[in-house]
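Number of protein chains: 2
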Amino acid sequence: MYEAHFQTFEDADRGVALSARLAAFREELARRHLTGFVIPRADQQQNEYVPPSEERLAWLTGFTGSAGLAAVLPDQAAIFVDGRYTLQVRDQVDPALFEPRHVTDQPLERWVAENLPKGAVLGYDPWLHTVEGVARLQEAADKAGGSLQPLADNPLDAVWTDQPPPPIAPVVPHELAYAGRSAAEKRQELGAKLAADGLDAAVLTLPDSIAWLLNIRGGDVPHTPLPLSFAVLHRDGTVDLFIERLKLAPGLERHFGNGVAVHAPAELGAALDRLGESKARVLADPASAPAWVFDRLTRAGSAPVRGEDPCSLPKACKNPVEIAGTRNAHRRDGAAVVRFLCWLDTEAPKGAVTELEAAERLHGCRRENALFRDLSFDTIAGAGPNGAIVHYRSTEKTNRKLAPGEIFLLDSGAQYLDGTTDITRTMIVGRVPDGPLGAEMRDRFTRVLKGHIAVATARFPKGTSGSQLDTLARAALWQAGLDYDHGTGHGVGSYLGVHEGPQRISKLPNRVGLEPGMIVSNEPGYYKTGAYGIRIENLVVVTAIDVPGAEREMRGFETLTLAPIDRRLIEPSLLTDGERAWLDAYHARVSDELTQLVDTATAQWLAEATRPIG
Amino acid sequence: MYEAHFQTFEDADRGVALSARLAAFREELARRHLTGFVIPRADQQQNEYVPPSEERLAWLTGFTGSAGLAAVLPDQAAIFVDGRYTLQVRDQVDPALFEPRHVTDQPLERWVAENLPKGAVLGYDPWLHTVEGVARLQEAADKAGGSLQPLADNPLDAVWTDQPPPPIAPVVPHELAYAGRSAAEKRQELGAKLAADGLDAAVLTLPDSIAWLLNIRGGDVPHTPLPLSFAVLHRDGTVDLFIERLKLAPGLERHFGNGVAVHAPAELGAALDRLGESKARVLADPASAPAWVFDRLTRAGSAPVRGEDPCSLPKACKNPVEIAGTRNAHRRDGAAVVRFLCWLDTEAPKGAVTELEAAERLHGCRRENALFRDLSFDTIAGAGPNGAIVHYRSTEKTNRKLAPGEIFLLDSGAQYLDGTTDITRTMIVGRVPDGPLGAEMRDRFTRVLKGHIAVATARFPKGTSGSQLDTLARAALWQAGLDYDHGTGHGVGSYLGVHEGPQRISKLPNRVGLEPGMIVSNEPGYYKTGAYGIRIENLVVVTAIDVPGAEREMRGFETLTLAPIDRRLIEPSLLTDGERAWLDAYHARVSDELTQLVDTATAQWLAEATRPIG
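Protein chains in written order, with the numbering used here: chain A, 1 to 614; chain B, 1 to 614.
Below, the structure written as structure tokens:
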């Protein structure tokens, strides 16, 4: 996950600067006769990674996490973050300026309902909130007896004097050899589907949907090769694309062909006005489109039809070319990881390797690979207690040496032209300690592994959602009174976002059936605060499976990720025969597929690391 | 489940009558200048069991299932039912009159969107739909370019000349010895909670909520001891109860005390008007309250605050007196079931016992029990292929003899003053057949049992919902490509509804955490069409459990139901050691608790039926 400029509040200069920023912002609000304002971490496209020009929350509060929001009133302000960031927010944000709150236990809506004065006006930027988000805010403002006001321009930008300009990374074609289907074919199919649903057009506001639909890639945000843009897909399969023209690589318009018209971003409003005035039935996704889009269409005369982004599901179900690509990418990525693990296993026990060095070394192994373009997120390298901080990012300040007898958690991934990878391995540095600590480590690691295997070997009928599988990953931990506070799996793109929907494996309700071609991560974990963190993550792809005698159409998973799971941390007596068989078969496959791709020394190490558990 | 007057469409007279009814209804619609009308199976209180006066769907279409709805247009009509009723609807409804459709695959909303003519007016009775239901209908009417119109009186009632009067069963106190907490205490607590949430009042439209809150019971609908009524709970803990006064048993107003004012049902509208005019903040549940309530409050000047019925959660979490009561009720009920099973095991192999005789015999065994008041639903007794029809109800016409070598599924329950029971047992009549059929029966039964045990032995952290546990019940079936098309568990009341919310174990999303005191059923199954049905159902109560070394607050289940599970249908080699241990321990407990409650012959049978599986 991206951390643009990680600085902690303990830097005195920064504390002063932040206090001044908040004061200036409050003056600006007063000038505009606003009582308060809500600052989400979101950009206009609800991106996970946002460009520096959109880092308003970080600029104002100091908090650089990937999710959160703040609210400012004349005499109070608060910042709302989830469980991943409760520690980080205390490090980065001055509680005298912003009261830190848990986003679900002490939500913004309650804070607004309790603190917004009667008759007060709470402002928001309609580009940065979804309609669903605005509806929740509206309810809170109603409760407080105040009102909510969308603003034409963001008052924070008025005081952010050195706000960077929007990014202008080049946009290039994503070749058919990787995409598998032409953009024209996708446009026609989706246009026909709109027509069949009685719709005239769909507003596309998710840039990864647009990148998928038009077979283009860009670089406007870190780690995800997408160009910021908006688009309107019409029922005849043509597309109006709203994008900074100077970003387009030479020849790109030829790649687009006749069916795609390029317009300046500022022209989106007029295009929505025309749709609204012609009473067109226009689809927009209330979960991701800015409220601005809904407001504009409604004002122009035709409230949008609410529905899911039409690219979401077809993008998630990878075609055979994309699946073949990701298998290749995972093989090369696995070879890089194995070369790294062999090095680590030799060097780390000497006690001199740090988290940052380990991450950089792995980056180096990957960079040598064909088709490598970027990491798919900032590597999480957590030694000992740092591993217990779920969304830990090592910094010069927190950087820790890998100590013998400690656990090291490493979560990393890469963007290759033919696929996106994401893998977590948890290793013991040297030998597992003797005595109760070592036994506990093995017990926890093995329970996490049992959860991982339960997901990997799951068979389930067509229509089953990832929510229904989540408990398989947790049951072995639950039996011991343990759990982990993150999802079990997220969707993964094809040389696109390392997090994509609509499917996921999570205890949160999700009704999207897991369909063949969907890629998801399988990553149960366990975290002991102040001691160590464990996570075992492979990517898997959903497949149709043939079960003899089956009465239902069945689905299962094929594991894509290839790298050994640390045998030293496994307590074999906790595994069932079936679990042991899975582990040995997986390791045999890792050995078969990767040995030929690595040097002799690494191959020797790999042979040992993939021995049957016995 | 209740089937008031089961008649099949094959009766020629009935076919003629139904055709005439539909014609008369269409004339009535035309007189009112309505294009069409929607007829849900619901009554005003979204009851599962509705009184005969509310059986509009059955009267018009012939369909007597517990869920469904019909829509009538000038030249078309359709009936929408779920998977449980796809066979029954074909038996009962003339497809020339009503096209049968699957309620989720071919929903009403799509049918309306496709068939309602542009400019047409679709009527509905706002007492019989929730606001959420109306919103979906509105969207469909919008799509068709038609409009939706709430009606002050139901046009069907105008042509239903022999519509029965509303029920007037007596309302009696539910004694503290069973209720565990006084109504005054409950009212005060819930009133204080409304006040803390900034609310002035709550409209209660679910009669089981009102029965729970006021510690009263009635008999207006079959099998559920509730009186039909509406109520308004105020923040000071007082209640306005809207109920037919002649239903109140002598002395009931003394039982109510000062805090409860009784009004005629027709006065509800005026009371809502007063609340609306005073701008009171009134809670109403959009999932269950009639749209009429929302419309009335909104028109009077104060749109309701949408939220869950405030009785729902406290009613679900049974207090220690209620739990002690249900344990007692289950012990007596178990003794009745065991007496019946012993008789069945002796008589059925002779080949002369029918489904209806078996059900009646079991009813007789229960009737002898102390505190017995009613069955909690119509017994499901399915021999051989009839067992594969999930919501089968045996009739004179379908009644089947229990044949040796066939499987018999029996789902039944009772209402005792101290608790509500619901148990399913699946037995082999005589001996399991030799060869592949017998092996298949054992395989299926054992997989269902494995799912049942996985739920019974689950441990899970506080906050875990039943949706998260559902897969535990299915995984063993999924491994063989099998599944079942119903939920795994429903909430159960305390001498109230055999189905109650808000918790359930289901693959459908549900975010209600399972909290101590909640009672749910644990009932996985397997159904082979044309051959047999298997279901193993116990009720369980959620408990706080102490897991050594636990890092989370953990929950588990205590099984309440006591009766042997047919050992002859178990394939021991498919069970793990842990599963075998659970089964033997359960049987030992059944034997310990019930032997003293049955006669010597039954005790001998029970000893054999509860022997360790070995």
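Glycine included, every Cβ here is placed at the ideal spot set by N, Cα and C.
Since this is a predicted model, take the numbers as computed values, not measurements.
query	result
Buried or exposed, going by whether 16 or more other CB atoms sit within 10 Å of the CB of residue 161 of chain B?	exposed
So what's residue 602 of chain A in DSSP terms, helix, strand or just coil?	helix
Taking 8 Å as the cut-off, decide whether the C-beta atoms of residue 393 of chain B and residue 380 of chain B are in contact.	yes
At the level of alpha carbons, what is the spacing between residue 460 of chain A and residue 34 of chain B?	47 Å
Which parts of the region 63–106 of chain A are runs of the alpha helix (DSSP H), unbroken and 4 residues or longer, counting only runs that do not cross its ends?	86–92
Buried or exposed, going by whether 16 or more other CB atoms sit within 10 Å of the CB of residue 594 of chain B?	buried
Less than 6 Å between C-beta atoms, sequence neighbours within five positions excluded: which residues of the same chain meet that for residue 355 of chain A?	381, 383, 394, 399 and 400
Start and end of the alpha helix (DSSP H) containing residue 314 of chain A?	312–316
Just to confirm the assignment, what range does the beta strand (DSSP E) spanning residue 240 of chain B have?	239–242
Check whether chain B comes within 8 Å of residue 19 of chain A, counting only Cβ atoms and requiring the distance to be less than that.	no
Of all the CB atoms in chain B, is at least one closer than 8 Å to the CB of residue 550 of chain A?	yes
Evaluate contact between the region 358–376 of chain B and the region 398–418 of chain B, counting only Cβ atoms and requiring at least three cross-stretch pairs below 8 Å.	yes
In this structure, what does DSSP give as the bridge partners for residue 295 of chain B?	Bridge partners of residue 295 of chain B: none, in fact.
Taking the alpha-carbon of residue 226 of chain B as reference, which of B:612, B:209, B:348 and B:232 has the nearest alpha-carbon?	B:209
Any idea what DSSP makes of residue 428 of chain B, helix, strand or coil?	strand
Indicate whether residue 563 of chain A and residue 338 of chain A have their beta-carbon atoms separated by less than 8 Å.	yes
Residue 547 of chain B touches chain A at which residues, Cβ-Cβ below 7 Å?	480 and 481
Evaluate residue 19 of chain B with the Cβ neighbour count: other Cβ atoms within 10 Å of its Cβ, from every protein chain shown; 16 or more gives buried, anything less gives exposed.	exposed
For residue 119 of chain A, does the count of other Cβ atoms within 10 angstroms reach 16, so buried, or fall short, so exposed?	exposed
In whole angstroms, what separates the C-alpha of residue 478 of chain A from that of residue 444 of chain A?	11 Å
Mind checking if residue 198 of chain A is an interface residue toward chain B, Cβ cutoff 8 Å exclusive?	yes
Do you know whose CA, among A:457, A:544 and A:611, lies nearest residue 566 of chain A's CA?	A:611
Taking Cβ-Cβ distances below 8 Å as the criterion, which residues of the region 218–244 of chain B are in contact with chain A?	none
Determine the DSSP secondary structure at residue 467 of chain B, reduced to helix, strand or coil.	helix
Should residue 596 of chain A go down as buried or exposed, given a rule of 16 or more other Cβ atoms within 10 Å for buried?	exposed
Alpha carbon to alpha carbon, what distance is there between residue 138 of chain B and residue 571 of chain A?	59 Å
Name the chain A residues that come within less than 8 Å of residue 32 of chain B, Cβ to Cβ?	Within 8 Å Cβ-Cβ: nothing; residue 32 of chain B doesn't reach chain A, min ~29 Å.
Return the CA-CA distance between residue 25 of chain A and residue 159 of chain A, expressed in angstroms with no decimal places.	6 Å
To the nearest angstrom, report how far apart residue 539 of chain B and residue 151 of chain B are at their CA atoms.	42 Å
So, does the CB of residue 82 of chain A fall closer than 8 Å to a CB anywhere in chain B?	no
Using a Cβ-Cβ distance cut-off of 8 Å, determine whether residue 511 of chain A contacts chain B.	yes
Buried or exposed: where does residue 271 of chain B fall if 16 or more other Cβ atoms within 10 Å of its Cβ makes it buried?	buried
Checking contacts by CB at 8 Å: is residue 460 of chain B closer than that to chain A?	yes
Between the Cα of residue 262 of chain A and the Cα atoms of A:166, A:200 and A:243, which residue gives the shortest distance?	A:243
What separation, rounded to the nearest whole angstrom, lies between the Cα atoms of residue 8 of chain A and residue 387 of chain A?	Per-residue confidence for residue 8 of chain A stands at a pLDDT of 39, beneath the threshold of 50, marking its modelled position as unreliable; the derived number appears in the next sentence. Roughly 19 Å between the two C-alpha positions.
What does the Cβ neighbour count give for residue 322 of chain A, buried or exposed, with the cut at 16 atoms within 10 Å?	buried
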